Amino acid sequence: MSSVVLEAKNVIKTFNEGKNSVQVLKDLSLQIHAGEFVAIVGASGSGKSTLLHVLGGLDLPTSGEVELNGSRFDALNETQRGYLRNQNLGFVYQFHHLLPEFTALENVAMPLMLRQGTSFAQVKTEANFLLERVGLSHRLTHKPGELSGGERQRVALARALVTKPKVMLADEPTGNLDRKTATGIFELLNELRREFNMAMLIVTHDEALAQSADRILHMEDGLWVKTQSHL
């Protein structure tokens, strides 16, 4: 078995709403191995997105541990967590979150520009390569407002890949697209995962799209209720 790149141990996440507390994640554990494709499916409100935020170090668990590439998020300060994410994680969301005033090339280049010691020439080369790889070499200088929904999501995918992450976290990456475009984006995600030997954890309500995953974890009310393995 390949090495574990992302692990959650007995994760509980509770949110306080006035005098009430709501436990969204209920003692969840999970291991993601290098190169593995895992899909988490479940209805809205089951805790999928909260789990992804905790796994990505964007939020800390109320109790339990999350370890990325050998480092525990709760043992780091916010600056250190940001560095760990930049070095190891790529994020893709349902909404592309591209910066509207920047071109496709500039949006893709931005995560690399945050790294010290990376030359502008190298940043531009990597961004060019990824945009070509997702089929947008003819859209380098276009801003998000000049791109279709599918094209914007491909730019977001290129941006997530430009740092060569060990793990890709994707939250409903096709939820805002029509079926044909969604299928194309999903197939591209899986193809690039294999090409870059990258682990991928995708959250989706679409069980049909999740069928190509190595494992499908079914989530309900903050708990695992079923696991399917396609290995």
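If you count the sequence shown from 1, you need to add 5 to reach the numbering used here.
Each residue gets a CB set at the ideal place from its N, CA and C atoms; glycine is no exception.
In this text, all values refer to a predicted model and were calculated from it rather than measured experimentally.
Using alpha carbons as the reference points, say which of the options lies closest to residue i.
i: R184; options: F42, P170, D211; result: D211
i: V139; options: N74, A165, K148; result: A165
i: S68; options: M118, N74, S76, V59; result: V59
i: D226; options: L33, N82, G189, S7; result: L33
i: A44; options: E200, L193, E177; result: E177
Please report the distance separating the alpha-carbon of residue i from that of residue j.
i: S54; j: V29; result: 10 Å
i: Q158; j: D64; result: 24 Å
i: V9; j: H38; result: 4 Å
i: K31; j: L57; result: 14 Å
i: L222; j: V46; result: 6 Å
i: L103; j: P116; result: 12 Å
Return helix, strand or coil for residue i, following the three-state DSSP convention.
i: N15; result: strand
i: G75; result: coil
i: T84; result: helix
i: Q216; result: coil
i: A48; result: coil
Count the other CB atoms, across all protein chains shown, that sit within 10 Å of the CB of residue i; report buried if there are 16 or more and exposed otherwise.
i: A218; result: buried
i: F78; result: buried
i: S51; result: buried
i: A161; result: buried
Let me see if you follow: with CB-CB separation under 8 Å, is residue i close to chain D or not?
i: T209; result: Included in the structure is just one protein chain, with no chain D present.
So residue i packs on residue j, CB below 8 Å; how close in whole Å?
i: V97; j: A175; result: 4 Å
i: A163; j: L119; result: No, A163 and L119 are not in contact; Cβ-Cβ is about 16 Å, not under 8 Å.
i: L206; j: F191; result: So it is not a contact: roughly 14 Å between Cβ atoms.
i: R198; j: F42; result: 6 Å
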